[in-house]
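Working notes for the structure below.
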Amino acid sequence: MASAWEDHPKTSVALLAVAFSFKLQTIFLIPLWGGLWLVRKLRFSHLLVFPAAYAVAVLPALLLGKPLADILGVYFKQAGQYSYALVFNAPSLFALIPYGVDVAQQPLARAGILAAFALCLFVLGWLFFHRSRFSGAQFLAAAAVLALGVPFLLPYMHERYFFLADVVTLVWAVWDRRRIPIALLTQLASLSSYCVYLRLQYTMPVHLFGQTWTMALEALCILAALLLSLGTLLRRRDDFRR
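Straight run, no breaks: the sequence shown in this note's numbering ends on number 266.
Next up, the structure:
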């Protein structure tokens, strides 16, 4: 993102492709490159760098004998691996559902996917309608909204899928100290969920009405960070320091 904002669009798209070759969760921020096109920070032709850079990134695996079909289809296989529960220790919207409550999983999963898609469209629409007076700080706010909001709304999320949100909100807090509360809320939720995975027990267990509400509290921290980020994005440009 920084490369594109500093007038190096091809480098930005190439780095995006390399990131995508390593981790599927890059898709949480991919809509921002559509936003960069909308605010005229890159041309549509620059996006053609993506498949070229991705091909170079996967070339070593191909040369070492991995079938091309396996390389190109790895993310499709991963997408179908974790569909037997709505959430996997992630501070997402579905962590607010009490443990053991019987819910219609498929309709809720589809609703979450549609909500995440709608959030992406909203952010892109906001970028488009404010493209003539858009700032780098507002673009960083849009990145935070997507990095927090997309995994928060999607089903089948793991705790590590908020790593992008950890990084983006930390960068934002360094950029503007007024965003430190957003970073703290995000880091607190992530650290708590990571500790559950690494230690196989809740670090700060909260019990009420016979239920453990630690994951729900983590999800509320992410929700608060998301709402603060969204509120910052929707402010006038004059409210931004840079």
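For each residue, glycine too, the CB sits at the ideal point set by N, CA and C.
{"Item": "Contact under 8 angstroms by Cβ, VAL63 with ARG155", "Value": "yes"}
{"Item": "Simplified DSSP state of HIS182, which is helix, strand or coil", "Value": "strand"}
{"Item": "Cβ pair CYS245, PRO115 closer than 8 angstroms", "Value": "yes"}
{"Item": "Coarse secondary structure for VAL111, derived from DSSP in three states", "Value": "strand"}
{"Item": "Whole-angstrom distance between SER27 and ALA161, CA atom to CA atom", "Value": "14 angstroms"}
{"Item": "Within 8 angstroms, strictly: CB atoms of PHE118 and GLY136", "Value": "yes"}
{"Item": "The segment 170-180 touching the segment 125-141, judged by at least three CB pairs closer than 8 angstroms", "Value": "yes"}
{"Item": "Of the listed residues LEU53, LEU258, LEU145, VAL37, nearest to VAL73 (C-alpha basis)", "Value": "VAL37"}
{"Item": "GLU242 classed as buried or exposed, judged by whether at least 16 other C-beta atoms fall within 10 angstroms", "Value": "buried"}
{"Item": "Beta carbon of ALA240 nearer than 8 angstroms to that of LEU120", "Value": "yes"}
{"Item": "Burial state of GLN130, where buried means 16 or more other Cβ atoms lie within 10 Å", "Value": "exposed"}
{"Item": "Neighbour-count burial assignment, GLU30, 16 or more Cβ in a 10 Å radius", "Value": "exposed"}
{"Item": "Given LEU16 as reference, the closest of ALA43, LEU48, PRO33, LEU247 once Cα atoms are compared", "Value": "No answer is possible for residue 16: it lies beyond the span of the chain, which begins at 25 and ends at 266."}
{"Item": "DSSP-derived helix/strand/coil call for PHE158", "Value": "coil"}
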